[in-house]
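Everything on this sheet refers to the single structure shown next.
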Amino acid sequence: MLLISNQISIPETEIEVNAIRAQGSGGQNVNKVSTAVHLRFDINASSLPDFYKEKLLTLKDQRISKEGVIVIKAQQYRSQEKNKEDAYNRLIALVKNVALACKKRKTTKPTKGSKLKRLDDKTKQGKIKALRGKVDF
């Protein structure tokens with residue numbers, strides 16, 4: 700059972716975990732042992748509340764397929780248990796981030812000082828450009 704919050708959890712029966720061989724360097728261990736983990740979580744078939752499902756499906760994340768399946772590949776560690784734990788933690792973080800509401804930006808007006816500074820800079824730049832012109836005798 701993965702705890703997302705006090706009320707929300709994901710049963711481990713809804714999560715499919717497969718051991719695969721890791722990529723990259725690691726010597727003979729990489730060739731012999733399947734230490735990397737592929738975690739697959741179907742959003743539509745899960746027991747998550749509809750709010751979480753909708754937010755996850757609208758999320759533009761490369762880990763979420765068009766069919767609504769989250770695929771996480773964990774291969775950072777040398778042991779399968781640590782990679783499995785890492786994949787679970789990344790899934791929890793993904794679902795938790797969806798629940799956070801983004802703050803609305805308050806529109807503000809530029810201050811009087813910033814307006815004056817901008818106008819002064821413009822006049823200085825205009826004078827510099829005027830001096831670049833042809834000299835008329």
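Residue 700 is where the sequence shown starts when you use the working numbering, and the numbers rise one by one after that.
Positions of the beta carbon are idealized from the N, C-alpha and C atoms, including for glycine.
Quantities reported herein were computed from a predicted structural model and do not represent experimental measurements.
Tell me which same chain residues have a C-beta within less than 6 Å of the C-beta of residue i, skipping the five on either side of it?
| i | result |
| --- | --- |
| isoleucine 709 | Leu701 |
Return the bridge partner residues of residue i from the DSSP annotation.
| i | result |
| --- | --- |
| aspartate 741 | Val768 |
| isoleucine 827 | The partner list for isoleucine 827 (beta bridge, DSSP) is empty, contrary to what the question assumes. |
| alanine 786 | In DSSP, alanine 786 forms no bridge with anything. |
| isoleucine 709 | Leu701 |
With DSSP as the reference, label residue i as helix, strand or coil.
| i | result |
| --- | --- |
| asparagine 717 | strand |
| leucine 701 | strand |
| alanine 792 | helix |
| valine 797 | helix |
| serine 746 | coil |
| serine 813 | helix |
Do you know offhand how far residue i's Cα is from residue j's?
| i | j | result |
| --- | --- | --- |
| asparagine 782 | arginine 739 | 14 Å |
| valine 770 | lysine 805 | 36 Å |
| glycine 812 | lysine 833 | 35 Å |
| alanine 798 | valine 768 | 18 Å |
| isoleucine 714 | threonine 757 | 20 Å |
| phenylalanine 750 | asparagine 717 | 28 Å |
| alanine 773 | glutamate 784 | 9 Å |
Find the nearest neighbour of residue i within the set the options, judged by alpha-carbon distance.
| i | options | result |
| --- | --- | --- |
| valine 794 | Gln779, Ser746, Lys823, Ile719 | Ser746 |
| valine 732 | Glu711, Ser778, Leu756 | Ser778 |
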